[in-house]
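Chemist: In the working numbering, the protein residues as written are 89 to 291. By construction, the Cβ of each residue, glycine as well, lies at the ideal position given by its N, Cα and C atoms.
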């Protein structure tokens, strides 16, 4: 689950300058939803970023490999998605970030570029721990709250109302029933393309 993020000091507010947007998918991989999202991204020739929970990556390494092989960006979303991680002891913060990165590296052969904190919850300890490992803290600017499972048209309308140049859009491919997210994704991509946006995943 996610909620409105705080701003991490020194982190960019946007995906990139210009008329670009970044689609990001949290809380996977999930065999029910991740393959459908990957297939649609392939059909639409869109690159995105998957913020992967470590223990789920261990459970479904073939999906992480499929994301990587498709040219999608992999992001460390911690090992166990502990929402109050900033209040935990420093060694646990290290373990949560390192273990997930290790899983991603063992599957793809490469280090992740980013760390996305569960719930967007950070403190200086979390930020410093990520930076010391070469991980940028990846936040977001558009959150349609698809994790609350609103109807697909509601998710779509929420994104369309807030998206702008450089927006990082938060969506989910895991953590529950994501049929509504899958159902609206093609229409969202088509609408963003119609508005002249291109898709960016930091590769």
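(1) How big is the Cα-Cα spacing for residue 143 and residue 188?
(2) With a CB to CB cut of under 8 Å and the five nearest residues on each side skipped, what residues in its chain are close to residue 280?
(3) Using the Cβ count rule (16 or more neighbours within 10 Å means buried), how would you classify residue 101?
(4) Which ranges does the alpha helix (DSSP H) cover as unbroken runs of at least 4 residues, wholly within the segment 206-269, from first to last along the chain?
(5) Ignore the nearest five residues each way along the sequence and tell me which others in residue 95's own chain have a CB closer than 6 Å to its CB.
(6) Taking Cβ to Cβ, would you say residue 276 is nearer than 7 Å to residue 226?
(7) Since residue 270 and residue 125 are thought to touch, with beta carbons under 8 Å apart, how far apart are those beta carbons, to the nearest angstrom?
(8) Across which residues does DSSP place residue 143 in a beta bridge pair?
(9) Residues in the same chain with beta-carbon distance under 7 Å from residue 154, minus the five sequence neighbours each way, listed in chain order, please.
(10) Taking the alpha carbon of residue 174 as the point to measure from, which residue in 194, 210, 283 has its own alpha carbon closest?
(11) Which value, in whole angstroms, describes the spacing of the CA atoms of residue 224 and residue 290?
(12) In angstroms, rounded to a whole number, what distance separates the CA positions of residue 118 and residue 222?
(13) Find the nearest neighbour of residue 167 within the set 158, 136, 181, 284, judged by alpha-carbon distance.
(14) Could you check what DSSP says for residue 171 in three-state terms: helix, strand or coil?
(15) Buried or exposed: which applies to residue 268, given that a residue is buried once 16 or more other Cβ atoms fall within 10 Å of its Cβ?
(16) Taking C-alpha atoms, which residue in 122, 278, 272, 178 lies nearest to residue 140?
(17) The alpha helix (DSSP H) that contains residue 113, what's its start and end?
(18) Please name the residue or residues paired with residue 164 in a DSSP beta bridge.
(19) Beta-carbon separation of residue 234 and residue 116 under 7 Å?
(20) Just the C-alpha distance for residue 208 and residue 248, rounded to the nearest angstrom, thanks.
(21) Could you check the C-alpha separation between residue 92 and residue 200 for me, to the nearest Å?
Modeler: With the structure as the only source:
(1) By 1-based counting over the chain shown, the position of residue 143 is 55. By 1-based counting over the chain shown, the position of residue 188 is 100. C-alpha separation (whole angstroms): 7 Å.
(2) For the purposes of this step, residue 280 is taken as residue 192 along the chain shown, with counting starting at 1. Around residue 280: 109, 251, 287.
(3) Taking the chain shown and counting its residues from 1, the one referred to as residue 101 is at position 13. Reliability fails at residue 101, whose pLDDT of 41 lies under 50, so the model's placement of it is uncertain and no value is given.
(4) 212-220, 240-250
(5) Counted from its first residue, the chain shown places residue 95 at position 7. Model confidence at residue 95 stands at a pLDDT of 37, short of 50, so the residue's coordinates are unreliable and nothing is read from them.
(6) Reading the chain shown from its first residue, position 188 is the one you call residue 276. Reading the chain shown from its first residue, position 138 is the one you call residue 226. No, Cβ-Cβ distance for residue 276 and residue 226 is not below 7 Å.
(7) In the chain shown, counting from the first residue as 1, residue 270 sits at position 182. In the chain shown, counting from the first residue as 1, residue 125 sits at position 37. Contact flag correct, Cβ pair sits at about 6 Å.
(8) Counting from 1 along the chain shown, the entry for residue 143 is found at position 55. None; residue 143 has no bridge partner.
(9) For the purposes of this step, residue 154 is taken as the residue at position 66 of the chain shown. If we look at residue 154 and ignore the five residues flanking it on each side, its Cβ neighbours are 126.
(10) As a working note, residue 174 is residue 86 in the chain shown. With distances taken between Cα atoms, residue 174 lies closest to 210.
(11) Start at 1 with the first residue of the chain shown, and residue 224 comes out as number 136. Start at 1 with the first residue of the chain shown, and residue 290 comes out as number 202. Between residue 224 and residue 290, the C-alpha separation is close to 11 Å.
(12) Numbered from 1 along the chain shown, position 30 holds the residue referred to as residue 118. Numbered from 1 along the chain shown, position 134 holds the residue referred to as residue 222. In a straight line, the C-alpha of residue 118 is about 27 Å away from that of residue 222.
(13) Indexing the chain shown from 1 puts residue 167 at position 79. Measuring from the Cα of residue 167, the nearest candidate turns out to be 181.
(14) Start at 1 with the first residue of the chain shown, and residue 171 comes out as number 83. The answer is coil: DSSP assigns residue 171 none of H, G, I, E or B.
(15) Position 180 of the chain shown, counted from the first residue, corresponds to residue 268. When all chains shown are included, residue 268 counts as buried.
(16) For the purposes of this step, residue 140 is identified with residue 52 of the chain shown, where counting begins at 1. Here the closest residue by C-alpha is 122.
(17) The residue labelled residue 113 in the question sits at position 25 within the chain shown. Per DSSP, residue 113 belongs to no alpha helix (DSSP H); it is in the beta strand (DSSP E), 108-116.
(18) Here residue 164 refers to the residue found at position 76 of the chain shown. According to DSSP, residue 164 bridges with 140, 203.
(19) Working through the chain shown from its first residue, we reach residue 234 at position 146. Working through the chain shown from its first residue, we reach residue 116 at position 28. Not a contact, by the Cβ cut-off of 7 Å.
(20) Position 120 of the chain shown, counted from the first residue, corresponds to residue 208. Position 160 of the chain shown, counted from the first residue, corresponds to residue 248. Each residue's Cα considered, the two are about 22 Å apart.
(21) Translated into the one-based positions of the chain shown, residue 92 becomes position 4. Translated into the one-based positions of the chain shown, residue 200 becomes position 112. The predicted model places residue 92 with a pLDDT of 33, which falls under 50 and marks its position as unreliable; any figure quoted below should be read in that light. The straight-line gap from Cα to Cα measures roughly 23 Å.
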